[in-house]
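Chemist: For the sequence shown, UniProt numbering begins at 1 and goes up steadily by one.
Ideal placement from N, C-alpha and C gives every residue a C-beta, glycine not left out.
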Amino acid sequence: MTTMTRGPMNPILSPRMRSSRRLPFTLLASLFVIGNSIVVVFAQVATTTTTAASTTTTDANTNTTESTSANDDDPSCFSLSTSEKDCLLTITSNLCEWVYDDTGNGLCQEVTSTTTTSTILSTYLPENYQYIRPPRNEIRYTPWNELSRDLQVLATGSLRYTKSTWDNLGTNSIEQLRYDDLSAEQKELAKALGFEDDISWNCWQNHWESFSWAQLYSLQLTPYLNSIGWTSSGWNEQYTNPPITRKSSWLELSVEQRLNATELCFDRTSYDRLDLVSYGTGYPIAIPSLRFTPWKEIIADNNATRLELLQQTLGYDELTWNVLRLAAVEQKGWHELTPNESNAVNDVFGLDDAGWDCWMNHYDSYSWSDLMNSGTDAHFIGLGWSESSWEDVEGEIDPPESEGKLWDELNEMEQYHATELCYIQENWDRIDMTSNHGPFPYPKPKLRYTVWKDLPSEKQQVAQSDMLYDERTWDDTGLADIERRSWEDLTDYQKAVAIYLGMYQRTWDCFQNVRPHYRATLWDELPLNVSHAAIKLGWDEYLWSGSSSNPEAYGRRWDQLREEEQSAATVMCYFNVSWPGDGNTINLWDQYNDAYKQSVSGMVLSSVFALSVLMMSR
């Protein structure tokens, strides 16, 4: 017998899953409340339907149903055992449910009751009903220590969360309740914590585990459960006594099964009931949190042994550490690391081969056959890759569109596939963890704005021998031939040298690429925020692509620009010193040598002070 032990509820649909249209024939989901139990029955009914077996009249305004007893000609539940659908959806006076016997054979049987009265609640499923998984509640996937104090207070109220039960999914008993089992106060708190409606709670908190198989069937969820090993009998034996036991671990599921599980709002973290801090939004391997710690905090820890391994063995410096996925060592797969490097990786990050290839290398060093052997090819396919585009070393095939998107621009399925490859927003977007106190989108490369004579000798030598700088072309920005090239136009060796000089793709194209900044980048390849800024400064695609002159704004001094023009200019990494103004060359020594300015200022102050003393002595 299929029963629910949690008390009455308004069962299935939130407003956004209902349809305002009611057709002559529609699916009617009725909840028969028997004592403290609920039995769900589904019948295909008309607004007014009369048969030899029964007469059912539905009042569309009051949404109540009256049913007369059927005569002996009414079909029995047993006679409807041809299929689960026939059992649940055929008109009959008997209340039927689909169950499996000990041998695994399905049969349709009557739901019996010891009571003589029942209250019938009903709701219509729309004609074109289709299950759509609700958006993930990001607040619920935020670790406790990263929640605001106000949210922590809300969670510790009648929802009874603690730091432990928040960070360990599935450990708070409140998550074993469906939305309609919550009190009015608990529902308000759930909304304040980001659960928009009953569907959001039932999926992301409860994962539909407090619903009977019949209810799940009506909601079109049973195919997903079937995929991961559930049957109605096995489910109905457990759902009244949560938590439901998982059929297997997440990693034991096939890719297809994982995709089906995501439709029930599962990821690895929630499916395996793992630690939210380590496994976040379903990371396949625990996150190496140290790798997402800014360099200045690494230095502040005063761990000399770890710092030596990072710098001397793994080759990190401030820039290649702070800009995720930039370090040369992270371009290597585990099999390409030296024994000293792999030992250092284990000592510093606690990673083995699987962890390194996922979190650090993201399988970039794998061939397509390697991806297939590891089972990760499906996720690259989900991001738009194919064997031909992955193996294209000549650059003849364009990479998939996902490669040009920021994390927030990926659709939900793309984010899922990226997460399975150990991407999160920080490393997908290659976030720069360097403190950025300026108005620019990226931290200003300090070394590039250091006058030539103040550069360390080894930096001077590399800039001169490998990038063909000299004192004049370094201090007069925009003169060097290398600055006329976009990052993509540099050779791999020049890119490595640029990184050594403190610049990478974003800072090179924004700060370094010859005035106007980004000029060597094609219009349709500009980042969206940059193209918007360029338009505000007077550019359009035609001017950008075919004109040798700059818009009128580039002929005005910085202080003559309108406020919105200055804001647009900072998006393109201009500031008062670097703005071309009337088009004259910008000289670092004259305009940006802080030491020089301070020394001149000091000399002026000293002269004024000396003159004042002299005047007072008179």
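When burial is assigned at 16 or more other CB atoms within 10 Å of the CB, is residue 638 buried or exposed?
Modeler: With the chain covering 1 to 618 only, the question about residue 638 has no answer from this structure.
Chemist: In the DSSP assignment, find the unbroken alpha helix (DSSP H) run with Lys163 in it and report its ends.
Modeler: Start and end: 163-167.
Chemist: Which stretch, first to last residue, makes up the alpha helix (DSSP H) that contains residue 688?
Modeler: It is not possible to answer for residue 688, since the shown part of the chain is limited to 1 through 618.
Chemist: Taking 6 Å as the limit between beta carbons, can you name the residues of its chain near Met433, skipping five residues before and five after?
Modeler: Pro294, Asn322
Chemist: For Cys510, which of helix, strand or coil comes out of DSSP?
Modeler: helix
Chemist: Under 9 Å, do Pro243 and Trp359 count as touching if we go by C-beta distance?
Modeler: no
Chemist: What are the partner residues of Leu309, as DSSP defines its beta bridges?
Modeler: None, per the DSSP bridge assignment.
Chemist: For Thr281 and Ala533, I'd like the C-alpha separation in whole angstroms.
Modeler: 34 Å
Chemist: Bridge partners of Val451, per DSSP?
Modeler: DSSP, once it has assigned bridges, lists no residue as partnering Val451.
Chemist: What separation, rounded to the nearest whole angstrom, lies between the Cα atoms of Glu409 and Val329?
Modeler: For Glu409 and Val329, the distance between alpha carbons rounds to 28 Å.
Chemist: Specify the secondary structure class of Leu253 as computed by DSSP and reduced to three states.
Modeler: coil
Chemist: Have a look at Ser30 and Asn226 and give me their C-alpha separation to the nearest angstrom.
Modeler: With a pLDDT of only 36 at Ser30, under the threshold of 50, the placement of this residue in the model should not be trusted; the figure read from the coordinates follows. In a straight line, the C-alpha of Ser30 is about 24 Å away from that of Asn226.
Chemist: Contact check, Leu264 vs Leu221 under 8 Å by CB: the rounded distance?
Modeler: 7 Å
Chemist: Rounded to the nearest angstrom, what separates Asp454 and Lys446 at their Cα positions?
Modeler: 12 Å
Chemist: If you check the beta carbons only, do Asp524 and His517 fall under 9 Å apart?
Modeler: no
Chemist: Three or more beta-carbon pairs under 8 Å between the region 134-142 and the region 202-215, yes or no?
Modeler: yes
Chemist: Looking at the structure shown, is Asp377 part of a helix, part of a strand, or coil, going by DSSP?
Modeler: helix
Chemist: Which residue comes first and which comes last in the alpha helix (DSSP H) that contains Met413?
Modeler: 412-420
Chemist: Note down, in chain order, each residue of its chain lying with its Cβ closer than 7 Å to the Cβ of Gln257, except the 5 sequence neighbours on either side.
Modeler: Its chain contains Ser227, Ile228 as the residues whose beta carbon lies nearer than 7 Å to that of Gln257, once the 5 sequence neighbours on both sides are disregarded; these appear in chain order.
Chemist: Return the CA-CA distance between Tyr129 and Leu219, expressed in angstroms with no decimal places.
Modeler: 9 Å
Chemist: Along the chain, where does the alpha helix (DSSP H) that runs through Ser278 open and close?
Modeler: Annotation for Ser278: the continuous alpha helix (DSSP H) segment containing it runs 276-279.
Chemist: Is the region 336-343 touching the region 294-308 in the sense that three or more CB pairs, one from each, lie closer than 8 Å?
Modeler: no
Chemist: Could you have a look at Phe609 and say whether DSSP puts it in helix, strand or coil?
Modeler: Summary for Phe609: the model assigns pLDDT 43, below 50, so the residue's position carries little reliability; its value from the coordinates is reported in the next sentence. If DSSP states are grouped into helix, strand and coil, Phe609 belongs with the helices.
Chemist: For Asn260, count neighbouring Cβ atoms within 10 angstroms of its own Cβ and tell me buried if that reaches 16, exposed if not.
Modeler: buried
Chemist: Using DSSP bridges, identify the partner residues of Asp432.
Modeler: Val323
Chemist: Using a Cβ-Cβ cut-off of 8 Å (strictly less than) and excluding sequence neighbours within five positions of Ala327, which residues of its own chain qualify?
Modeler: Leu314, Gly315, Tyr316, Thr320, Trp321
Chemist: Please confirm whether residue 660 and Val255 have their CB atoms less than 9 Å apart.
Modeler: In the structure as shown, the chain starts at 1 and stops at 618, and residue 660 therefore has no counterpart that could be examined.
Chemist: Rounding to the nearest angstrom, what Cα-Cα distance links Gly438 and Phe266 in this structure?
Modeler: Straight-line measurement puts the Cα of Phe266 at about 40 Å from the Cα of Gly438.
Chemist: Under a Cβ-count criterion, where at least 16 other Cβ atoms within 10 Å of its own Cβ denotes burial, should Glu396 be classed as buried or exposed?
Modeler: exposed
Chemist: Considering Cα atoms alone, identify which of Thr507, Ser486, Ile535 is closest to Tyr449.
Modeler: Closest by alpha carbon: Thr507.
Chemist: One question on the structure: do Ile174 and Arg160 come within less than 9 Å of each other, judged by their Cβ atoms?
Modeler: yes
Chemist: Given this structure, state the Cα-to-Cα distance separating Thr114 from Pro223, to the nearest angstrom.
Modeler: In this prediction, Thr114 scores a pLDDT of 35, lower than 50, which makes its location untrustworthy; the coordinate-derived value is nonetheless stated afterwards. Answer to the nearest angstrom: the Cα atoms are 33 Å apart.
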